[in-house]
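Taking the working numbering, the leading residue of the sequence shown gets 811, the next gets one more, and so forth. Yeah, the Cβ is synthetic: ideal placement off N, Cα and C, and Gly gets one too. These figures come from a predicted structure and were not determined experimentally. Accompanying notes for the structure given below.
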Amino acid sequence: MTNIIAAILKSAGQTANQPHRKKASASPLINRIKIYANLMIVPVLLLAAWQLLSSTGLLLEVVLPSPWKVLMGLETIILNGTLAIDLRDSGIRVLIGYFWGVVIGLTLGLASGLSKFIERLVGPVVDVLRQIPLYAWIPLIILWFGIGELSKYVIIAKAVFIPIFVNTLQGIRGVSKEYIEVSQVLELHYFRLLTKVVLPSALPSIFTGLRLGAGFAWMAVVAAEMLGGLTGIGYGLLQAKDFLQSDKLIALMIVIGLVGFLVDRVLKAVESSVLHWRKGFSGEKQ
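Okay, here's the thing in structure tokens:
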């Protein structure tokens, strides 16, 4: 329905453009090679700079171990099974906290976006709460819920809730008035207006909130486990710091980054599949 409305607006306000020839493009294989080559430039430069700093001896190995030493540290925690256990425990906490953060954020975001009255009730409170850093909430949450699993779920859900609420609300508020006007001309009922116009138009912003929330969830679980826990990636980081195992510490940091990156790629793939109709600026010349 959104596509139909967009087509009506386009045909009403524009004249047909003259067809033009597309420039011949390179083969898909060459384009794919170029993409992967571009992706590797910055990591390779960072790795070279890292190796140079560690090999010159300007910094102690306990401060900045070599890439090879970090790789050996990563191999150790993989082979002894601690990485798998920590990833499992952290992953379960993230999934539970993320689920509740999404449920609450979407529910209040949709309600506030569809009702000005609810937005006036909820919006100012959320605006105040989101100015308070997560680390300021952690001591209070631990005081309320203890250092068990529940407090970790609450910390993660709180971190996830804010970006999802804000992006859901802004996505609904950003629906074009022209779409609403055309829907009124077509005499769509309120329910069909929501499901065929408002929600599809708000989905890009909602997916942005979901992706941001996933990143915040991983940051929150690490903070929660460092302040209270006996397992998980955050606890592993804390142990590595206490025993001056900088190779293990950096290895765990890399694992956190890679896992977060993979989660974001999965959500981006889902977004592209659901929003396959959306065409936007890709950053490249056509």
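Reference residue i; option with closest CA among the options
i	options	result
residue 891	904, 916, 1043	1043
residue 1020	909, 859, 847	909
residue 1056	857, 841, 878	878
residue 1067	1025, 966, 1046, 1086	1025
residue 916	957, 1082, 1069, 1023	1023
residue 963	1075, 1028, 1015, 888	1028
residue 988	999, 973, 1008	1008
residue 872	1054, 1073, 1077, 1083	1054
residue 898	1069, 930, 841	1069
residue 1046	838, 957, 895, 866	895
residue 1014	888, 980, 1002, 846	980
residue 940	846, 967, 926, 888	967
residue 863	845, 874, 855	874
Assumed close pair residue i, residue j - CB separation to whole angstroms, cut-off 8 Å
i	j	result
residue 978	residue 919	3 Å
residue 1051	residue 883	That belief does not hold up - the Cβ atoms of residue 1051 and residue 883 are roughly 13 Å apart, past 8 Å.
residue 921	residue 928	5 Å
residue 1038	residue 952	6 Å
residue 1011	residue 985	4 Å
residue 1061	residue 880	5 Å
residue 970	residue 867	Between residue 867 and residue 970 the Cβ distance is about 44 Å, and since that is not below 8 Å, they are no contact.
residue 1033	residue 945	7 Å
residue 1065	residue 893	7 Å
residue 923	residue 840	About 45 Å separates the two Cβ atoms, so there is no contact after all.
Three-state secondary structure assigned by DSSP to residue i
i	result
residue 940	coil
residue 832	Annotation note: pLDDT 47 at residue 832 (below 50); position unreliable, coordinate value reported separately. In this structure, residue 832 counts as coil in the three-state DSSP scheme.
residue 1070	helix
residue 978	helix
residue 957	coil
residue 1055	coil
residue 1082	helix
residue 925	coil
residue 1019	helix
residue 1011	helix
residue 917	helix
residue 1005	helix
residue 932	helix
residue 1096	The predicted model places residue 1096 with a pLDDT of 49, which falls under 50 and marks its position as unreliable, so this point remains unresolved.
Legend entry - Complete runs of the alpha helix (DSSP H) confined to the stretch 865–902 [at least 4 residues]: 877–889
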